[in-house]
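Residue numbers (UniProt numbering), protein chains in the order written: chain L, 1 to 196; chain W, 1 to 196; chain E, 1 to 196; chain G, 1 to 196.
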DNA sequence: AATGAATGAGACTTCATTCAT
DNA sequence: CATGAATGAAGTCTCATTCAT
C-alpha cells in the first residue's frame with residue numbers, strides 16, 4: 001500500500017533538509033572540493049541514488065546552500081530597513097551580522113571562502129558571483145541609510161563601514177576563541193551610528 | 001663535458017621561477033583545486049616530468065607560493081618597524097598593505113581564499129594555518145606600536161585596526177574596479193595614525 | 001524499488017570472484033608488477049572504477065589472493081592432521097602438496113615467486129612475510145608428526161622433508177612438461193613415511 | 001691533457017664494477033621492479049647519464065648480473081667435474097652450492113626469485129629462461145655422474161637429488177638465521193654420495 | 001668520460017554521475 | 001521513494017630513457 005501524498009511530502013522535506021544540513025557541515029569542515037558526494041550521502045545516511053533524486057548534482061547542492069545564505073543575509077537587512085532612524089538601522093546591521101558570525105563562525109568562513117574564490121573557477125565562480133551581486137544590492141540600501149544619517153560622503157562612508165564590518169567578521173571567524181567580539185562591536189557602533 | 005654547475009644553477013633558477021609564476025597565475029585565475037598539474041606544465045611550456053623534477057607535487061607548489069607570500073608580508077612589516085614614530089609605523093603598514101593589494105588584487109584574493117579555507121581540508125589547511133600563524137606573529141608587533149602611540153586599550157585598538165585594514169583589502173579585491181582605494185586609505189590613516 | 005540485498009550479495013560475490021580469478025591468471029602469466037589494473041579490469045570485462053569499488057587497490061588484490069592461498073594450504077594440513085598414523089599424515093602432506101602443484105604449476109610458481117621476493121620490496125614484502133609465517137606455523141605441526149614417527153632428530157628430519165618436498169615442487173613447476181612427478185612422489189613417500 | 005688509454009681502461013672497469021655491485025645490492029634488497037635507475041646511479045655515486053654510457057638500460061643491467069650468476073654456477077660445476085670419483089663429484093656440487101648460498105643468501109634468493117618469474121613477464125622472462133636453460137644443461141652433466149655411480153635409475157635419482165638440493169637452498173635462504181645448514185648438508189651427502 | 005635537465009608514456013587512483021531494479 | 005552496482009573521464013605521480021653540453 002502506497003504512502004499518502006502528505007506523508008510523501010513530509011519525507012521529501014525531511015530528506016532534503018537532512019542532505020543540505022550534512023552538505024553544509026561537510027563543506028564547512030573539509031571544503032567543497034575535498035568533500036565527495038559519497039561523503040555526503042554516507043553521512044546523511046542515504047544512498048547516492050537518492051541524493052541524485054533530490055539534487056541534480058554536487059553543484060546543485062552548493063547552489064541551494066548559497067540561496068539559503070542569501071536569504072539569511074536578506075532577513076537581517078530587511079529587519080534593519082524596518083527600523084525608524086538610520087542610526088538604529090545601521091546598528092541593527094552590525095548586531096545582526098555579528099550575531100550571525102558569532103553563532104557559526106565556520107559557516108561564515110565557508111561563505112567568505114566561496115566569496116573569495118577565483119573568478120574563473122569553472123564550478124564555484126558563479127555562486128561566488130551570486131553572493132557578490134547580492135552584497136552589492138544590499139550595499140545600495142545601506143548607503144541610503146548613511147545618506148539619511150547626514151554624513152558628508154555617504155557612499156564612501158558606507159564603504160568604510162562595510163569594510164570594517166567585513167574585516168571584523170573575517171578576523172573573528174579566523175580566531176573565534178580569542179577575539180573580543182563584543183568590544184569591537186561596541187567600538188564599531190560607537191563609530192558609525194552617531195552623527196552630529 | 002658536462003654543463004658547469006653555474007650554468008645548471010642558472011637553468012634551475014629560471015625554470016623554477018617560470019613554474020612558480022605560472023602556478024601563481026593559474027591558481028589565482030582558477031583556484032588551487034581547479035588547476036591541474038597538466039595545466040601548469042603546459043602553460044609553463046615544460047613537461048610534467050620536469051615539473052616533478054623541481055617540485056615534489058602539487059602541494060609542494062602551493063607551499064613554495066605560501067612561503068613567498070609570507071616573505072612579502074614580512075618585508076612590509078620590517079620596513080614599518082624601521083620607522084621612528086608609531087604613527088609613521090602604522091601609516092606604513094596601511095600604505096604597504098594597500099599598495100600590495102592594489103597592485104595585484106587577484107593575488108591577495110587568492111591568499112585570502114587560502115586563508116579562509118576550512119580547517120580540515122586535507123591538503124590546503126596546513127598552508128592556511130601557516131598564513132594565520134604568521135599573521136598572529138605580526139599582530140603582536142603591531143600591537144606594540146599602538147602601545148607606543150599611547151591609546152587606551154592598545155590590543156583592542158590594534159585588532160580594530162587590523163579588522164578595518166583587512167576589510168578594506170577584502171572589499172577592494174572583490175570590487176577592484178569601483179572601489180575608491182585612495183580615499184579609504186586616507187580615511188583609515190586619519191583614524192588610526194593620530195592620537196591626542 | 002531497489003534490488004534486494006540477496007540479489008546485491010549475489011552480484012557482489014560473482015564480480016569479486018571474477019576479478020580475483022582474472023587477477024590470479026594475469027599475475028601468474030605476467031607477474032604482479034607487469035600486470036596493470038587496467039589489464040585486470042579489461043580482462044575481467046569491468047570498468048576500472050568497479051574494480052576499485054571492490055578492492056582498495058592493486059595491493060589489496062594481492063592480499064586477497066594471498067589469503068586464499070594460505071587457506072588452500074591450511075586445508076591440506078588440516079586433512080593431514082586428521083589422519084591417524086604419522087606415516088599417513090606425512091604421506092597426505094606429500095600427496096596434497098604435489099596434487100596441488102601438479103594441477104596448477106603456474107599458480108604455485110607465482111606464490112613461490114612471491115615467497116622469494118626481496119625483504120624490502122615496499123609493496124610485496126608484507127605478503128611474502130605472511131606466507132612465510134604461515135609456513136613456519138605449519139612446520140611446527142609437521143615436526144610433531146615426525147616426533148610421533150619416532151625418528152632420531154625429528155626437527156632436522158622435518159626440515160629435510162620440507163626441503164625435499166619444496167624442492168620437488170620448485171622443480172616441477174619449473175619444468176612441468178618433462179618432470180616425472182609421480183615417480184618422485186613415490187620416492188619421497190618411500191623415504192619419509194617409513195621408520196624402523 | 002687527456003688521460004692515457006690505460007688509465008681510461010682502469011676507470012671503465014672500476015665504474016662498471018661499481019655499478020653492477022650497486023645494482024646487485026639494490027635488486028636483492030628491493031627487487032628489480034622496485035629499484036629505479038635513479039636509485040642505482042645515486043647509490044653508485046655516478047650520474048644517470050654515465051650509467052647509460054655503460055649499460056644500454058635497466059634490462060641490460062639485469063642481463064649482466066645473470067651472466068655473472070651463470071658463470072658462478074659454472075665454476076662450481078667445472079670444479080666438480082674435475083674430481084675423479086662420482087661420489088666426490090656429487091659431494092662437491094652439494095658443498096659448492098651450499099657454500100654459495102650460505103655466503104649470500106639474499107643473492108641466491110634474488111636469482112631464485114628471477115627463476116620463478118612468470119613466463120610472460122615482458123622484461124624479466126628471458127633472463128629467467130636463460131637461468132633455466134643453463135640449469136638444464138648442467139643437469140645433464142650431473143645425471144652422468146649418477147650413471148657412473150651405478151644407481152638404478154640415474155636420471156630420476158639425479159632429479160631427486162637436484163630437488164633436495166634446491167629445496168635446502170630455498171629453505172635456507174628463507175630462514176637463514178635458524179636453518180641448520182651444516183646438518184642438512186651432511187644428511188644430503190650421506191644420502192646421495194654413497195652407493196653400494 | 002661525465003652531468004643532470006628534460007621528456008612522455010603509462011601507472012595508480014578518485015569521483016561525479018548514471019542505471020537497472 | 002530508494003538502493004548501490006557500474007562507468008569513464010580526468011587527475012596525480014613515477015620512471016626509463018634521451019640530449020645538450
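Don't be surprised by glycine CBs; every beta carbon is placed ideally from N, CA and C. Note that the coordinates shown come from a computational prediction; the quantities given were computed from them, not determined experimentally.
Item	Value
So, is residue 167/L buried or exposed, given that buried needs 16 or more other C-beta atoms within 10 angstroms?	buried
Less than 8 Å separating the beta-carbons of residue 170/L and residue 97/L?	no
Since residue 33/G meets chain E, which of its residues come closer than 7 Å, beta carbon to beta carbon?	33
With a cut-off of 8 Å, does the C-beta of residue 193/L fall near any C-beta of chain W?	no
Identify whether residue 193/W lies in helix, strand or coil by the three-state DSSP scheme.	coil
Which stretch, first to last residue, makes up the alpha helix (DSSP H) that contains residue 127/G?	125-149
Could you tell me how far apart the beta carbons of residue 65/G and residue 125/G are, in whole angstroms, since I believe they sit closer than 8 Å?	That pair is no contact at about 15 Å.
Residue 171/G touches chain E at which residues, Cβ-Cβ below 9 Å?	159, 162, 163, 166 and 167
Check distances from the C-beta atoms of the region 99-122 of chain G to those of chain E and list, in chain order, the residues that come in under 8 Å.	106, 109, 110, 112, 113, 115, 116, 117, 118, 119, 120, 121 and 122
Give the range of the alpha helix (DSSP H) segment to which residue 93/W is assigned.	86-103
Between which two residues does the alpha helix (DSSP H) holding residue 57/W run?	Taken as a continuous stretch (DSSP letters only), residue 57/W belongs to no alpha helix (DSSP H), as it is neither H nor E.
I'd like the span of the alpha helix (DSSP H) that includes residue 21/L, first residue to last.	5-30
Helix or strand or just coil, what does DSSP make of residue 187/W?	helix
Report yes or no: is there a C-beta of chain G within less than 8 Å of the C-beta of residue 210/E?	Shown here, chain E extends from 1 to 196; a query on residue 210/E therefore has no answer.
What residues in the region 132-150 of chain G bring their beta carbon closer than 9 Å to a beta carbon of chain E?	132, 135 and 136
Do the region 142-154 of chain E and the region 6-19 of chain G make contact, defined as three or more Cβ pairs closer than 8 Å?	no
Mind pulling the chain E residues with CB within less than 8 Å of residue 15/G?	Correct list: empty, because the minimum Cβ distance to chain E is about 25 Å.
Does the beta carbon of residue 30/W sit closer than 8 Å to a beta carbon anywhere in chain L?	yes
Can you tell me the Cα-Cα spacing of residue 94/W and residue 158/W, whole angstroms?	12 Å
Output yes if chain W places a C-beta closer than 8 Å to the C-beta of residue 187/L; else output no.	yes
Counting only C-beta atoms, is residue 176/G closer than 8 Å to chain E at any point?	no
Below 6 Å CB to CB, which residues in the same chain sit around residue 89/L once its five sequence neighbours on both sides are set aside?	80, 83 and 145
Which chain W residues are close to residue 129/L, counting only those with a beta carbon under 8 Å from its beta carbon?	Going along chain W, no residue has its Cβ under 8 Å from residue 129/L, so there is no contact; the nearest lies around 11 Å.
For chain E, is any of its Cβ atoms less than 8 Å away from the one on residue 91/G?	no
On the DSSP letters alone, give me the boundaries of the alpha helix (DSSP H) that residue 169/L sits inside.	154-174
List the residues of chain E that residue 180/G touches, going by C-beta distances under 9 Å, in chain order.	155, 156 and 159
In the DSSP assignment, the alpha helix (DSSP H) including residue 37/E goes from what residue to what residue?	37-43
Leaving aside the five residues before and after residue 51/L along the sequence, list all residues of the same chain whose C-beta is less than 7 Å from its C-beta, in chain order.	19, 37, 40 and 41
Three-state secondary structure (DSSP) at residue 179/E?	coil
For residue 56/L and chain W, any beta-carbon pair shorter than 8 Å?	no
Using a Cβ-Cβ cut-off of 6 Å (strictly less than) and excluding sequence neighbours within five positions of residue 86/W, which residues of its own chain qualify?	145, 148 and 149
Say whether the region 24-34 of chain G touches the region 112-131 of chain E, bearing in mind that this needs 3 or more beta-carbon pairs closer than 8 Å, one atom from each stretch.	yes
Comparing alpha-carbon positions, which option in 155/E, 177/E, 143/E and 46/E lies nearest residue 102/E?	177/E
Helix, strand or coil: which one does DSSP assign to residue 52/W?	helix
Find out if the Cβ-Cβ distance for the pair residue 73/E, residue 138/E is shorter than 8 Å.	yes
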